[in-house]
Amino acid sequence: MLIWSHIEVRRHLNDCLFRKNEEVNAIVSTLSGGEKARLSLAQIAAKTPKLLILDEISNNLDLETKEHVMQVLKAYPGAMIIISHDADFLEEIRVNSYLEINNGVLS
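Here the sequence shown is numbered in UniProt numbering, starting from 1 and rising by one per residue.
Here you go:
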């Protein structure tokens, strides 16, 4: 169930995420890694799923976008499964439990 209308989503993409009107109409495959991450955040804002599965969400992000991603994830009310090599990122978003693979051993 969408929380935002189509117009509100487009306004959010324009104002907060892409900052250039032409990028709102871009084909997803042409977006940079950071733009794809911001698009994912917009989807989360428009429709809040109960579970997020995020694979290396902090990769290829500039510092400003990474900070924004961390703020959104800290405020996210649902459960998250996060795959990441970025221990600082995981610490910053305050994960409450984690599994680590070290030399092929799960601990």
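All C-beta atoms in this analysis are idealised placements derived from N, C-alpha and C, irrespective of residue type, glycine included.
I'd like the span of the beta strand (DSSP E) that includes residue i, first residue to last.
| i | result |
| --- | --- |
| LEU63 | Element bounds for LEU63: not the beta strand (DSSP E) but the alpha helix (DSSP H), 63 to 75. |
| ASP55 | 51 to 55 |
| ALA87 | Where ALA87 is concerned, there is no enclosing beta strand (DSSP E), although the alpha helix (DSSP H) it sits in stretches over 87 to 92. |
| ILE27 | From DSSP, ILE27 is part of no beta strand (DSSP E); its letter is neither H nor E. |
Give me the DSSP bridge partner(s) of residue i.
| i | result |
| --- | --- |
| ILE44 | According to DSSP, ILE44 bridges with nothing at all. |
| LEU106 | ILE101 |
| ILE82 | LEU54 |
So, is residue i buried or exposed, given that buried needs 16 or more other C-beta atoms within 10 angstroms?
| i | result |
| --- | --- |
| LEU2 | Only weak support is given to the placement of LEU2: the predicted model assigns it a pLDDT of 49, under 50, and the question is left unresolved by the model. |
| HIS6 | exposed |
| SER107 | exposed |
| ARG11 | exposed |
| GLN73 | Here residue 73 is Leu; the residue named in the question, Gln, does not match the sequence. Buried. |
| ILE27 | exposed |
| LYS66 | buried |
| ASP88 | exposed |
| SER58 | buried |
Using a Cβ cut-off of 8 Å (strictly closer), state whether residue i contacts chain D.
| i | result |
| --- | --- |
| VAL105 | Looking for chain D here will not work: only one protein chain is present. |
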